[in-house]
């Protein structure tokens with residue numbers, strides 16, 4: 166069966182450290198993978214997209230890697246801040262037609 | 108630029124009652140999505156529209172759920188009759204189409220069925 170697993174339900178880290186979130190998938194062959202941020206009571210907000218032929222993407226303090234052999238994406242937030250506290254969702258698109266399948270999310274808490 | 112607008116933000120109904128949610132996508136966005144999000148889970152697609160045409164409704168429980176997107180702009184999602192298990196957040200999203208992959212989400216409607 167198809168699965169998208171994010172490493173843990175919750176992750177606590179100290180301010181200033183690098184947060185690393187994991188997204189593993191089974192029985193998908195995604196054309197690309199996206200990461201979204203979701204705050205309580207709000208809809209998800211797009212952060213980064215990485216295509217199957219790309220190894221790494223960066224945007225300010227954010228970095229995403231994509232390993233299609235391991236079927237895994239890693240999402241890094243460097244120099245983390247309390248304002249980074251939120252739930253982070255990975256989403257896969259198999260066809261490139263923008264039909265997204267979401268993981269369950271990881272709730273990140275950055276402790277001051 | 109205004110984002111995706113949804114109403115109501117919250118709805119409490121008794122089981123077996125009907126309920127409707129409304130979505131106004133970002134101006135110019137041809138593609139509109141309705142998602143269901145249960146507590147602690149990621150969004151799950153219910154239906155996708157390209158303009159006024161439903162191009163993917165395979166996950167929509169058609170015995171009780173219906174949706175429409177008249178004139179290819181606003182959309183309404185309806186549940187009739189609602190069941191206890193329908194309690195969740197209903198998210199609407201839109202994207203420009205033309206191979207633009209980013210989806211823009213509204214704040215969602217939180218439904219509680221008693």
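Chains as they are written, first to last, in my numbering: chain Z, 166 to 277; chain P, 108 to 221. Every residue gets a Cβ at the ideal spot worked out from N, C-alpha and C, and that includes glycine. Computed from a predicted model, the values in this text were never measured in an experiment.
(message) Would residue 274 of chain Z pass as an interface residue toward chain P - the criterion being a Cβ-Cβ separation below 9 angstroms?
(response) By this cut-off, residue 274 of chain Z is not an interface position.
(request) Please list, in chain order, all residues of the same chain as residue 124 of chain P whose beta carbon is under 7 angstroms from its beta carbon, the five residues on each side excluded. (result) Only 188 and 189 meet the Cβ criterion.
(message) Once the 5 residues before and after residue 196 of chain Z are set aside, which same chain residues still bring their CB inside 8 angstroms of it?
(response) Within the same chain, Cβ atoms closer than 8 angstroms to the Cβ of residue 196 of chain Z are found at 216, 217, 258, 259, 260 and 261, the five residues on either side in sequence being excluded.
(message) Can you confirm whether residue 208 of chain P, when its beta carbon is compared against all beta carbons of chain Z, has any partner nearer than 9 angstroms?
(response) With 9 angstroms as the cut-off, residue 208 of chain P counts as an interface residue toward chain Z.
(message) Pull the bridge partners of residue 185 of chain P from the DSSP assignment, please.
(response) BP columns for residue 185 of chain P point to P/127 and P/173.
(request) With a threshold of 16 other CB atoms inside 10 Å of the CB of residue 179 of chain Z, please say whether the residue is buried or exposed. (result) Residue 179 of chain Z comes out exposed.
(request) Say whether chain P places a C-beta atom closer than 9 angstroms to the C-beta of residue 191 of chain Z. (result) Look at residue 191 of chain Z: its C-beta is not under 9 angstroms from any C-beta on chain P.
(message) Beta carbons nearer than 8 angstroms to chain P: which residues of the region 205-229 of chain Z have them?
(response) For the region 205-229 of chain Z, the residues whose beta carbon sits under 8 angstroms from a beta carbon of chain P are, in order, 206, 207, 208, 209, 210, 211 and 214.
(message) Contact criterion: CB-CB distance below 9 angstroms. Does residue 163 of chain P meet it with respect to chain Z?
(response) Yes - at least one Cβ of chain Z is within 9 angstroms of the one on residue 163 of chain P.
(message) So if I threshold CB-CB distances at 8 angstroms, which residues from the region 170-199 of chain Z count as touching chain P?
(response) Cβ contacts with chain P come from 174, 197 and 199.
(request) Tell me residue 161 of chain P's beta-bridge partners as DSSP assigns them. (result) Paired residue(s): P/156.
(message) Taking 7 angstroms as the limit between beta carbons, can you name the residues of its chain near residue 135 of chain P, skipping five residues before and five after?
(response) Taken in chain order, the residues that qualify are 203.
(request) Sort Z/271, Z/275, Z/264 and Z/276 by Cα distance to residue 156 of chain P and report the nearest one. (result) Taking each of Z/271, Z/275, Z/264 and Z/276 in turn and checking the Cα distance to residue 156 of chain P, the smallest one comes out for Z/264.
(message) Using a Cβ-Cβ cutoff of 9 angstroms, what residues of the region 117-145 of chain P are near chain Z? List them in chain order.
(response) Residues of the region 117-145 of chain P with a C-beta atom less than 9 angstroms from some C-beta of chain Z are 138, 140, 142 and 144, listed in chain order.
(message) Can you tell me where the beta strand (DSSP E) holding residue 180 of chain P begins and where it ends?
(response) For residue 180 of chain P, no beta strand (DSSP E) run applies, since DSSP gives it neither H nor E.
(request) List the residues of chain P that residue 239 of chain Z touches, going by C-beta distances under 7 angstroms, in chain order. (result) Correct list: empty, because the minimum Cβ distance to chain P is about 18 angstroms.
(message) Let me check one thing: in DSSP terms, what residues is residue 224 of chain Z bridge-paired to?
(response) Note: residue 224 of chain Z sits in a beta bridge opposite Z/227.
(request) Pull up the distance between the alpha-carbon of residue 209 of chain P and that of residue 256 of chain Z, whole angstroms please. (result) The straight-line gap from Cα to Cα measures roughly 11 angstroms.
(request) Please go through the region 181-249 of chain Z and give each complete beta strand (DSSP E) segment of 3 or more residues, from N-terminal end onward. (result) List check, beta strand (DSSP E) in window: 184-191, 197-203, 210-216, 221-224, 227-232 and 237-242.
(message) Using only CA atoms, which one of Z/185, Z/248, Z/222 and Z/168 lies nearest to residue 175 of chain Z?
(response) Nearest to residue 175 of chain Z by C-alpha distance, out of Z/185, Z/248, Z/222 and Z/168, is Z/185.
(message) Output needed in chain order: residues of the region 244-265 of chain Z with a Cβ under 8 angstroms from some Cβ in chain P.
(response) Answer set for the region 244-265 of chain Z: 254, 256, 258, 261, 263, 264 and 265.
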